[in-house]
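>
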Amino acid sequence: MTRSDGRHSHAEDVMFATLTDTRLALDPDVRKALLQMRSRRRTPLLYMRWALTHPCNLLLLLGVLLVAFIGWSLPVLMVGLALEGLLIGLAPWAKGIRSRLDGHLDLLDRATTDQARDALVQQMEPRHQQEFCKMERLLERTRENLSRRAGGALGPGQMPDGSRLTASYIRLAIAHRAGQESLALTSFHELMETIRSLETVRMSSTDRMRELSERRLSVAYRRIACWCSTREGMDAIGQQLATIVELAQLMHEQSLAPDETPIEGAEIDRFIRELEESEGALRELASLSSEEVPQVRACPPTVRVAAPAPLEAALEEVMALEEACNDERLKKEGSVGVFMRARRQHVVQP
Numbered sequence: 141m142t143r144s145d146g147r148h149s150h151a152e153d154v155m156f157a158t159l160t161d162t163r164l165a166l167d168p169d170v171r172k173a174l175l176q177m178r179s180r181r182r183t184p185l186l187y188m189r190w191a192l193t194h195p196c197n198l199l200l201l202l203g204v205l206l207v208a209f210i211g212w213s214l215p216v217l218m219v220g221l222a223l224e225g226l227l228i229g230l231a232p233w234a235k236g237i238r239s240r241l242d243g244h245l246d247l248l249d250r251a252t253t254d255q256a257r258d259a260l261v262q263q264m265e266p267r268h269q270q271e272f273c274k275m276e277r278l279l280e281r282t283r284e285n286l287s288r289r290a291g292g293a294l295g296p297g298q299m300p301d302g303s304r305l306t307a308s309y310i311r312l313a314i315a316h317r318a319g320q321e322s323l324a325l326t327s328f329h330e331l332m333e334t335i336r337s338l339e340t341v342r343m344s345s346t347d348r349m350r351e352l353s354e355r356r357l358s359v360a361y362r363r364i365a366c367w368c369s370t371r372e373g374m375d376a377i378g379q380q381l382a383t384i385v386e387l388a389q390l391m392h393e394q395s396l397a398p399d400e401t402p403i404e405g406a407e408i409d410r411f412i413r414e415l416e417e418s419e420g421a422l423r424e425l426a427s428l429s430s431e432e433v434p435q436v437r438a439c440p441p442t443v444r445v446a447a448p449a450p451l452e453a454a455l456e457e458v459m460a461l462e463e464a465c466n467d468e469r470l471k472k473e474g475s476v477g478v479f480m481r482a483r484r485q486h487v488v489q490p
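All residue numbers for the sequence shown refer to the working numbering, where the first residue is 141 and numbers rise by one.
1) Can L241 and W190 be called in contact, C-beta distance under 7 Å?
2) Could you give the first and the last residue of the continuous alpha helix (DSSP H) run that contains R288?
3) Pick from Q263, F209, S308 and E333: whose alpha carbon is nearest that of E321?
4) Would you mind stating whether H244 and A313 have Cβ atoms separated by less than 7 Å?
5) Under three-state DSSP, which class holds W190?
6) Whole angstroms are fine: how far does the CA of A222 sit from the CA of V261?
7) Flag this pair as yes or no: are the beta carbons of E224 and L201 separated by less than 7 Å?
8) If you draw a straight line from the C-alpha of V436 to the C-alpha of S337, how long is it?
9) Alpha carbon to alpha carbon, how far is L381 from R304?
10) Might you give, ordered along the chain, the residues of its own chain that have their beta carbon closer than 7 Å to the beta carbon of V385, omitting 5 neighbours on each side?
11) Expressed to the nearest angstrom, what Euclidean distance is found between the alpha-carbon atoms of M343 and A360?
12) Could you pull the start and end residues of the alpha helix (DSSP H) that W367 belongs to?
13) If you reduce the DSSP assignment to three classes, tell me which class W233 lands in.
14) Just to confirm the assignment, what range does the alpha helix (DSSP H) spanning G319 have?
15) With burial defined as no fewer than 16 other Cβ atoms inside 10 Å of the residue's Cβ, what is the status of T306: buried or exposed?
Rendered as structure tokens:
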């Protein structure tokens with residue numbers, strides 16, 4: 141029986157789905173190599189073709205041809221070709237040939253996967269790269285500890301490989317860096333100052349200037365909403381990344397404790413599903429990749445878009461607070477001035 145697509149483990153499926161995600165920036169050649177690796181089926185024809193082009197088989201075939209041509213013996217040539225065809229036909233069911241070819245293909249697949257994963261890791265922030273390497277070492281030690289404790293008798297469901305953890309960490313870390321770059325392009329304080337100045341212009345200007353200022357205000361409020369949404373998403377992603385690292389540490393600590401029951405693969409799958417349901421990496425990445433310019437062009441220039449109620453209320457609250465502080469300061473200055481005038485009059489009088 142030959143190995144085909146069923147040879148892929150659950151860990152490989154998870155990592156492959158992460159690496160081939162079209163929303164992640166990956167070299168086209170590497171992505172093509174991944175797709176070719178996945179589409180390669182280990183059928184009997186593949187084993188026969190590999191056995192036919194093997195150097196040992198080519199030497200054997202060359203020897204048969206030389207003997208046949210030197211002796212001008214057609215029976216020798218026919219017998220040699222028949223034996224060659226028999227060996228090639230039995231190659232898919234020969235354990236030694238299958239194991240050698242499977243090992244060779246596994247090395248190629250692993251090299252391709254590592255190349256794609258390293259390319260994605262380079263897109264993370266430096267601190268996330270270090271944290272990811274540390275988490276991978278912890279997961280590797282966890283597998284070694286569990287295998288040593290069970291004497292290598294653990295099943296696939298009882299031996300957590302951490303593939304979902306690493307795959308989710310890669311997506312979230314890349315989304316986190318994209319959010320950081322998006323926030324770095326906008327100065328929140330400068331944007332708030334712009335909104336205040338535009339509000340002043342709108343209240344004390346002509347109709348034409350008021351219309352232009354309202355358009356700019358609608359764009360500014362959209363930018364504020366985008367900034368706040370990105371900031372909130374960044375905080376959520378940061379918490380999710382920390383949770384993944386802590387879960388990897390928990391798995392390692394439980395693998396060292398003799399009385400602790402290790403976390404099973406089903407529990408990890410359930411946790412990752414809950415993690416992805418609560419604003420997962422793909423949705424964050426899709427929202428962060430959208431640009432602000434198309435959103436502005438989507439608004440018809442003749443339609444006035446009112447500012448969002450929460451942002452406008454917050455701005456009014458800030459302005460009211462500033463006015464209250466100014467009034468309180470003026471009252472204090474006025475009371476102090478009255479007190480000083482009364483004191484001077486008291487001193488001047490004999």
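Every residue, glycine too, gets a C-beta built ideally from N, C-alpha and C. Model, not experiment: these values are computed from the prediction.
The relevant details are as follows:
1) Here residue 241 corresponds to residue number 101 of the sequence shown, with the count starting at 1. Here residue 190 corresponds to residue number 50 of the sequence shown, with the count starting at 1. The answer is yes: Cβ separation under 7 Å.
2) Taking the first residue of the sequence shown as 1, we reach residue 288 at position 148. Note, R288: alpha helix (DSSP H), P266 to A290.
3) The sequence position of residue 321 within the sequence shown is 181, counting from 1. The option with the nearest alpha carbon to E321 is Q263.
4) As a working note, residue 244 is residue 104 in the sequence shown. As a working note, residue 313 is residue 173 in the sequence shown. Cβ distance not < 7 Å, so H244 and A313 don't count as in contact.
5) For the purposes of this step, residue 190 is identified with residue 50 of the sequence shown, where counting begins at 1. Residue state, collapsed to three classes: helix.
6) Counting from 1 along the sequence shown, the entry for residue 261 is found at position 121. Counting from 1 along the sequence shown, the entry for residue 222 is found at position 82. Approximately 52 Å between the Cα atoms of the pair.
7) In the sequence shown, the residue the question calls residue 224 occupies position 84. In the sequence shown, the residue the question calls residue 201 occupies position 61. Yes. Within cutoff.
8) Within the sequence shown, the letter at position 296 stands for residue 436. Within the sequence shown, the letter at position 197 stands for residue 337. Its pLDDT being 37, under 50, V436 is placed unreliably in this model, and the coordinates cannot settle the point.
9) Translated into positions along the sequence shown, residue 381 becomes position 241. Translated into positions along the sequence shown, residue 304 becomes position 164. Their Cα atoms are separated by approximately 13 Å.
10) Residue 385 sits at position 245 when you count from the first residue of the sequence shown. E271 and M275, listed in sequence order.
11) In the sequence shown, counting from the first residue as 1, residue 343 sits at position 203. In the sequence shown, counting from the first residue as 1, residue 360 sits at position 220. Taking the straight line joining both Cα atoms gives about 17 Å.
12) Here residue 367 refers to the residue found at position 227 of the sequence shown. Note, W367: alpha helix (DSSP H), D347 to L396.
13) The residue labelled residue 233 in the question sits at position 93 within the sequence shown. DSSP places W233 in helix when its eight states are reduced to three.
14) For the purposes of this step, residue 319 is taken as the residue at position 179 of the sequence shown. Taken as a continuous stretch (DSSP letters only), the alpha helix (DSSP H) holding G319 covers S303 to A324.
15) The residue you call residue 306 lines up with position 166 of the sequence shown. Buried.
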